[in-house]
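One structure below.
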Amino acid sequence: MKSYKNLTIVSCLLVICSLMLSCDNFVDEAADFNDIEAQTLALSKTWNADQVIFDGVDVTDQESFSDFSITFSSDNTWTAENGSPIILSNGSWNFIEGDINRVDMSGTTVIIGFSIDKTTSRVITLTFTAGGSAIGARTKGVDGEYVFRLSTLEE
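Letter by letter, the sequence shown follows residues 22 to 176 of the working numbering.
Pasting the structure below:
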């Protein structure tokens, strides 16, 4: 009778442990989804250029970027104003391989850095390299690394 009681206790412990382990996996998957959802919510705003750096040189005041803004929407689309010849006027975006700090914007990998907690972020940095596909006729002079420091007033 004692061995039956011990076997029952051990069986119950095994069931509880396996349930806890499976719940842990579920929580991890839910946390990943929530991180992506939270990052999407934080990103889905209109962002205005505070500073644009091209190959280490501040080009914020140049005609192309003086009034630059970009709006990311939660439906994975974006629109931009005053970003030509570097940034298209619209397109789609997706997180790359579940990395909430890397976004594919219509075929261009863009690193997005949030400088404040992702759920309350008001400042982001977009970093990407442009090469050979400028809008319009010229490509020389626009190829290189760009860093856009953007901010928003939206909650």
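Ideal placement from N, C-alpha and C gives every residue a C-beta, glycine not left out. Quick caveat, the model's predicted, so the values are computed rather than measured.
Kindly list the residues whose CB is nearer than 7 Å to the CB of residue i, restricted to its own chain and excluding five residues on each side of it in sequence; keep chain order.
i	result
serine 113	Asn97, Thr98, Ser127
alanine 151	Ile107, Val163, Asp164, Gly165, Tyr167
Using the C-alpha atoms, what's the distance from residue j back to residue i?
i	j	result
aspartate 76	isoleucine 145	19 Å
aspartate 88	glycine 119	31 Å
leucine 171	isoleucine 91	9 Å
leucine 147	leucine 64	11 Å
serine 1	isoleucine 133	One cannot answer for residue 1 here, as it falls past the ends of the chain, which runs 22 to 176.
isoleucine 137	leucine 174	A caution first: isoleucine 137 carries a pLDDT of 49, below 50, which makes its placement in the model too unreliable to give a value.
lysine 66	valine 78	27 Å
Within 9 Å of any Cβ in chain D, is that where the Cβ of residue i sits?
i	result
isoleucine 145	Going by chain labels, chain D is absent from the structure shown, which holds only one protein chain.
Report the partner residues of residue i according to the DSSP bridge assignment.
i	result
asparagine 122	Asparagine 122 pairs with nothing; no bridge assigned.
threonine 129	Met126
Going by beta carbon distance, what residues of the same chain come within less than 8 Å of residue i, once the five residues before and after it are set aside?
i	result
asparagine 115	Asn97, Val124, Asp125
asparagine 103	Ser85, Phe86, Ser87, Asp88, Phe89, Ser90
With distances taken Cα to Cα, identify the nearest neighbour of residue i among the options.
i	options	result
glutamate 166	Thr130, Arg143, Glu175, Leu174	Thr130
aspartate 56	Gln83, Ile74, Ile121, Phe149	Ile121
Would you give the residue range spanned by the beta strand (DSSP E) that residue i belongs to?
i	result
isoleucine 74	67 to 75
isoleucine 91	90 to 93
serine 113	111 to 117
arginine 170	165 to 172
phenylalanine 149	144 to 151
threonine 98	98 to 102
Looking only at its own chain, which residues have a Cβ that is under 6 Å from the Cβ of residue i, when we skip the five neighbours before and after it?
i	result
aspartate 49	Reliability fails at aspartate 49, whose pLDDT of 44 lies under 50, so the model's placement of it is uncertain and the value that follows must be treated cautiously. Correct list: empty, nothing qualifies.
glutamate 176	none
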